[in-house]
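Numbering (the numbering used here), first residue to last: 70 to 184.
C-beta atoms are modelled at their ideal positions from N, C-alpha and C, and glycine is treated no differently.
Let me begin by presenting the structure, written as structure tokens, before commenting on it.
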Amino acid sequence: QVQLVESGGGLVQAGGSLRLSCEVSGTIASTNAMAWHRQAPGKERELVAFISSADSTHYAHSVKGRFTISRDNGENTMYLQMNSLKHADTAIYYCNAVSGSLIYWGQGPQVPVCP
70 QVQLVESGGG LVQAGGSLRL SCEVSGTIAS TNAMAWHRQA PGKERELVAF ISSADSTHYA
130 HSVKGRFTIS RDNGENTMYL QMNSLKHADT AIYYCNAVSG SLIYWGQGPQ VPVCP
């Protein structure tokens, strides 16, 4: 069974920083292709950042230069460092991992950003 357990969400002021963690357990590892998505109130879920199994990264234009995706394979954990947060970044953030044709999702911590 695959589990993605997220942590690190919470209320933050605009301009502040927050780091989200996504610990992977089960039959896949953090070395798989993984990503962070987010869903703001009333909007569709969107890709925020992606890291391939070869460690290449891709960011949404809206977060490029402010967010950094990384992982510690020894800890089987992926991270999203979010700096210079804006009110527009307010959303539920979901991590996911790809294994073959399957995609697994974390539970989605909330990140409310006060203006």
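Worksheet item: Mind checking V180: buried by the 16 CB within 10 Å criterion, or exposed?
Response: With 16 or more neighbouring CB atoms inside 10 Å of its own CB, V180 falls in the buried class.
_Going by DSSP, what residue range makes up the beta strand (DSSP E) through Q150?_
DSSP places Q150 in the uninterrupted beta strand (DSSP E) bounded by T146 to M151.
query = Roughly how many angstroms separate the alpha carbons of Q176 and E75, rounded to a whole number?
reply = E75 has its alpha-carbon roughly 7 Å from the corresponding atom of Q176.
| task | Could you have a look at D158 and say whether DSSP puts it in helix, strand or coil? | result | Helix at D158.
Do N145 and V71 have their beta-carbon atoms positioned less than 9 Å apart in this structure?
Not in contact: V71 and N145 (Cβ atoms no closer than 9 Å).
What do you reckon, are the CB atoms on L73 and N152 nearer than 9 Å?
Going by beta carbons, L73 and N152 fall outside the 9 Å limit.
| request: Measure the alpha-carbon distance for V81 versus R135 and round it to whole angstroms. | output: Cα to Cα, V81 sits roughly 15 Å from R135.
Checklist entry - Is H106 buried or exposed, if buried means 16 or more other CB atoms sit within 10 Å of its CB? => result H106 comes out buried.
Check your understanding: Once you ignore the five residues that flank S168 on each side, which residues in its own chain have a CB closer than 8 Å to its CB?
Key -> Sequence-distant partners of S168 (beyond 5 residues in either direction) whose C-beta falls short of 8 Å from its own C-beta, in its chain, are V71, T96, I97 and N101.
Report the three-state DSSP secondary structure of A83 (helix, strand or coil).
-> Coil.
Q. Any idea if S91 is buried or exposed, counting beta-carbon neighbours within 10 angstroms, 16 or more meaning buried?
A. The residue you asked about is not Ser; residue 91 is Cys in the sequence shown. When all chains shown are included, C91 counts as buried.
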